[in-house]
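Visitor: Numbering (this note's numbering), first residue to last: -1 to 448.
Before I ask anything, here is the structure I am working with.
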DNA sequence: ACCAACATGACATAAGTT
DNA sequence: AACTTATGTCATGTTGGT
């Protein structure tokens, strides 16, 4: 009996179907441990509620998840965790305890390695099957603190590759906790130069003048899509004006809390203000005025949804030596083009970028930047749902394959600050993640046929 | 216990458009 | 003037890590 048959038999004995067993072996390889195969099947069962074969997936399908059913799922999850007795201390899957939901975040959140970190803190153990290495290389991004179980599911859909969690506060003056799954080499990475400022005062020395000693922030919190308006800053100003110097503990606490929540800065006596869009562009590694031309609301929103350029560039830097003649890029959920800006700042030539982005404002920003800085071909597509596997295959034939598939899928239903619809990976927007997987697999199979 | 979190929806008001 | 679209304000609860 072959190793494959033996494994299938074992799985069938565990009351999985033969089809499921076969699929799991195709996905994970014959060499995969039995528990990896079991994990893979459970993941497929969860993801299998979606039929992506006819591209008919729409947000509407998942509206039914809201309300009662969602509540039930949440309850079940809680019970399961309790029953399981998981302490959260183990990252290892095992058969007698369902660890589907476990994906602990590292502390410090420095990924596989970072510049300026001593080798002792470097974690370089990463298992990745030969068949899953590029080309095509792919790079996937989303918020680190998603709902429990989301990263485990994402990881399984992306060939069981272990996510790399990085907080960009180790690379710039603002926190940004993100998970990245990619099949890039992790040796010989190089950070962008010049090194970005690491503290608020290094980034904006002029704010020292009015910064009170009792505001001890040295870095910003995560730069979000929403910002404070004049009502809040006015209220803070009035509170301070009517307080003594220094203000009472309770006033200080109120002001500091608001400053932290909205990343406010000190611009005058008793005067705080939100960061300017241009300042956020700078903190995130974009060129000055990158998003200029939009209304401020749109600028904040698209920047809040964006990559941190230096972090992404650090990971992508390994591509530079591999593609001296430039790259063909398939960019999903392009947004304002953080990935492309990263490649550009690395000095890489983009021969072709096929960009998929539905938001008109973001598209305009990216197109304008492209026309100003690039000579390659830009192809724009509106919606990941409308990009068919056949179309992908045609692009692969036309351009001779994609070297990099890059994108971060919507975090709306995963992010902590979403109070109203944090429904997880099957939520209205975040469900588009499955199209990332579908399209990536379409690229892989088209390139394998070549 | 405390803190932070690529947010959303309802609503009012402002700013364009026809 | 009537209508559409953009912008601003406010209130809103949970989750996971530390």
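Every residue gets a Cβ at the ideal spot worked out from N, C-alpha and C, and that includes glycine.
Model, not experiment: these values are computed from the prediction.
Based on DSSP bridge pairs, tell me the residues matched to residue 225.
Guide: Here residue 225 refers to the residue found at position 227 of the first chain. In the DSSP output, where bridge partners are listed per residue, residue 225 has none listed.
Visitor: Given this structure, state the Cα-to-Cα distance separating residue 172 from residue 373, to the nearest angstrom.
Guide: Residue 172 sits at position 174 when you count from the first residue of the first chain. Residue 373 sits at position 375 when you count from the first residue of the first chain. If I take the Cα positions, the gap works out to 32 Å.
Visitor: Kindly indicate which residue of 303, 264, 234, 260 has the alpha-carbon position closest to the one of residue 204.
Guide: Taking the first chain and counting its residues from 1, one reaches residue 204 at position 206. Closest by alpha carbon: 264.
Visitor: Please confirm whether residue 170 and residue 213 have their CB atoms less than 8 Å apart.
Guide: Your numbering for residue 170 matches position 172 in the first chain. Your numbering for residue 213 matches position 215 in the first chain. No. Outside cutoff.
Visitor: Using 8 Å as the threshold, is the C-beta distance between residue 252 and residue 239 below it?
Guide: Residue numbering aside, residue 252 sits at position 254 when the first chain is read from its first letter. Residue numbering aside, residue 239 sits at position 241 when the first chain is read from its first letter. Contact: no.
Visitor: Taking residue 223 as the reference, which of 416, 433, 441, 244 has the closest Cα?
Guide: Position 225 of the first chain, counted from the first residue, corresponds to residue 223. Taking only the C-alpha atoms, the option nearest residue 223 is 416.
Visitor: Going by DSSP, name the residue or residues bridged to residue 165.
Guide: Position 167 of the first chain holds residue 165. Residue 165 pairs with 175.
Visitor: Helix, strand or coil for residue 421? Go by DSSP, reduced to three states.
Guide: If you number the first chain from 1, residue 421 lands on position 423. In the structure shown, residue 421 sits in coil (DSSP, three-state: anything other than H, G, I, E or B).
Visitor: Closer than 8 Å by C-beta to residue 394: which residues in its own chain qualify, once you throw out the five before and the five after it? Chain order, please.
Guide: Within the first chain, numbered from 1, the residue matching residue 394 stands at position 396. Answer for residue 394: 400, 441, 444, 445, 448, listed in chain order.
Visitor: Can you give the Cα-Cα distance for residue 149 and residue 126, rounded to whole angstroms?
Guide: Residue numbering aside, residue 149 sits at position 151 when the first chain is read from its first letter. Residue numbering aside, residue 126 sits at position 128 when the first chain is read from its first letter. For residue 149 and residue 126, the distance between alpha carbons rounds to 17 Å.
Visitor: With distances taken from CA atoms, which of 312, 163, 12, 32 is nearest residue 1?
Guide: Counting from one through the first chain, the residue named residue 1 turns up at place 3. Of the candidates 312, 163, 12, 32, the one whose C-alpha sits nearest the C-alpha of residue 1 is 32.
Visitor: For a quick check, are the C-beta atoms of residue 310 and residue 282 less than 8 Å apart?
Guide: Along the first chain, read from residue 1 onward, the residue named residue 310 stands at position 312. Along the first chain, read from residue 1 onward, the residue named residue 282 stands at position 284. In this structure, residue 282 does not lie closer than 8 Å to residue 310 by Cβ.
Visitor: The beta strand (DSSP E) with residue 326 in it runs from where to where?
Guide: Sequence index remark: in the first chain, residue 326 carries index 328 (1-based). Here the beta strand (DSSP E) through residue 326 covers 325 to 330.
Visitor: So, for residue 179: in the same chain, excluding its five sequence neighbours on each side, which residues have a beta-carbon less than 6 Å away from its beta-carbon?
Guide: Position 181 of the first chain, counted from the start, is the residue given in the question as residue 179. Excluding positions up to five away in sequence, the list reads 138, 156, 159, 161.
Visitor: Using 8 Å as the threshold, is the region 340 to 350 in touch with the region 361 to 376, meaning 3 or more CB pairs across them?
Guide: These segments touch.
Visitor: Just the Cα atoms here: how many angstroms apart are residue 428 and residue 406?
Guide: Translated into positions along the first chain, residue 428 becomes position 430. Translated into positions along the first chain, residue 406 becomes position 408. For residue 428 and residue 406, the distance between alpha carbons rounds to 10 Å.
Visitor: For residue 438, does the count of other Cβ atoms within 10 angstroms reach 16, so buried, or fall short, so exposed?
Guide: Within the first chain, the letter at position 440 stands for residue 438. Burial call: buried.
Visitor: If you check the beta carbons only, do residue 262 and residue 231 fall under 8 Å apart?
Guide: Residue numbering aside, residue 262 sits at position 264 when the first chain is read from its first letter. Residue numbering aside, residue 231 sits at position 233 when the first chain is read from its first letter. Cβ atoms of residue 262 and residue 231: closer than 8 Å.
Visitor: For the region 271 to 280 and the region 99 to 113, state whether three or more C-beta atom pairs, one from each stretch, are separated by less than 8 Å.
Guide: No, because fewer than three Cβ pairs between the region 271 to 280 and the region 99 to 113 fall closer than 8 Å, the two stretches do not touch.
Visitor: Beta-carbon separation of residue 304 and residue 333 under 8 Å?
Guide: Working through the first chain from its first residue, we reach residue 304 at position 306. Working through the first chain from its first residue, we reach residue 333 at position 335. Yes, these two residues count as a Cβ contact at 8 Å.
Visitor: For residue 83, collect the residues of the same chain with a Cβ closer than 7 Å to its Cβ; drop the 5 residues on either side in sequence, then sort them by chain order.
Guide: Numbered from 1 along the first chain, position 85 holds the residue referred to as residue 83. For residue 83, the predicted structure reports a pLDDT of 30, less than 50, and the residue's modelled location is therefore unreliable. A value from the coordinates is still provided. Correct list: empty, nothing qualifies.
Visitor: Would you mind sorting residue 211 into buried or exposed? The rule is 16 or more other CB atoms within 10 Å of its CB.
Guide: Position 213 of the first chain, counting from 1, holds the residue named residue 211. The residue in question, residue 211, is exposed, as its Cβ has fewer than 16 Cβ neighbours within 10 Å.
Visitor: Can you name the start and end residues of the beta strand (DSSP E) that residue 271 belongs to?
Guide: What you label residue 271 is simply residue 273 of the first chain in a count that begins at 1. Run containing residue 271: 269 to 271, per the beta strand (DSSP E) assignment.
Visitor: By the three-class DSSP mapping on this structure, what secondary structure does residue 208 have?
Guide: By one-based count along the first chain, residue 208 stands at place 210. Three-state DSSP puts residue 208 in a helix.
Visitor: Work out the CA separation of residue 266 and residue 228 for me, nearest whole Å.
Guide: Your numbering for residue 228 matches position 230 in the first chain. Your numbering for residue 266 matches position 268 in the first chain. Those two C-alpha atoms are separated by around 14 Å.
Visitor: With C-beta atoms as the reference, is residue 423 less than 8 Å away from residue 151?
Guide: Here residue 423 refers to the residue found at position 425 of the first chain. Here residue 151 refers to the residue found at position 153 of the first chain. Yes, the pair counts as a contact, with Cβ atoms nearer than the cut-off.
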